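Data first, discussion second: the structure below is written as structure tokens.
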Amino acid sequence: MKKIKCEVYTRVVGYFRPVGSWNEGKEAEFNDRKEFSETISLKSMRGTTEKTELTVYGLPMCMGCQDLKKKLIEHEIAHVYKNAKENQRDLLSLRLSELPVVILGKEYTEGATIEDVLKLLKNNNIEAQKEKEISL
């Protein structure tokens, strides 16, 4: 397989520029950027409230995705559900091979089950608040 360099452009101050021509500092700033997304409050087991987002990527025809979505609602775990096909850009850097994908902070699990989600929440010392699902 032949690797081909991909030129990435981004909009800066009203015009598009190739990222490859930037200096190291500007590239680091670009990599640290975050796209806007609505966060969901999760209550920490330590008694403090922190803003964390549990995001689930799946597809309508994926039985595992739909099963996880149903179980998250049954367990009343606050989450954002996103269609993986419509949000491919979010997942490109992770190089994933199996849905559903669950992301919490910088951690993610592919082929996730409800047990994986509960373990991920526990490992991050987070107890999910009872909130409704938000679908994007």
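Each residue of the sequence shown is one higher than the one before, starting from 1 at the first, in my numbering.
No residue lacks a Cβ here, since even glycine has one placed at the ideal position from N, Cα and C.
Since the model is a prediction, treat every value here as computed from it, not as a measurement.
Identity of the residues DSSP links to residue i by a beta bridge
i, result
"Thr138", "No answer is possible for residue 138: the residues shown for the chain start at 1 and end at 136."
"Pro60", "Paired residue(s): none; Pro60 is not in a bridge."
"Thr109", "Val102"
"Arg17", "Thr10"
Supposed contact pair residue j and residue i - C-beta distance, whole angstroms, cut 8 Å
i, j, result
"Leu54", "Leu104", "5 Å"
"Val117", "Tyr81", "That belief does not hold up - the Cβ atoms of Val117 and Tyr81 are roughly 12 Å apart, past 8 Å."
"Ala84", "Leu99", "6 Å"
"Leu97", "Glu86", "The displayed chain sequence assigns Ser, not Leu, to residue 97. Wrong, their Cβ atoms sit about 19 Å apart, outside the cutoff."
Residue i, buried or exposed, once every other Cβ within 10 Å from all chains shown has been counted against 16
i, result
"Gly20", "exposed"
"Leu120", "buried"
"Ala112", "buried"
"Ile126", "buried"
"Thr49", "Bear in mind that a pLDDT of 44 at Thr49, under 50, signals an unreliable position, so the number given afterwards is only what the model happens to contain. With fewer than 16 other Cβ atoms within 10 Å, it is exposed."
"Leu92", "exposed"
Simplified DSSP assignment, three categories, for residue i
i, result
"Lys2", "coil"
"Ser93", "helix"
"Asn23", "coil"
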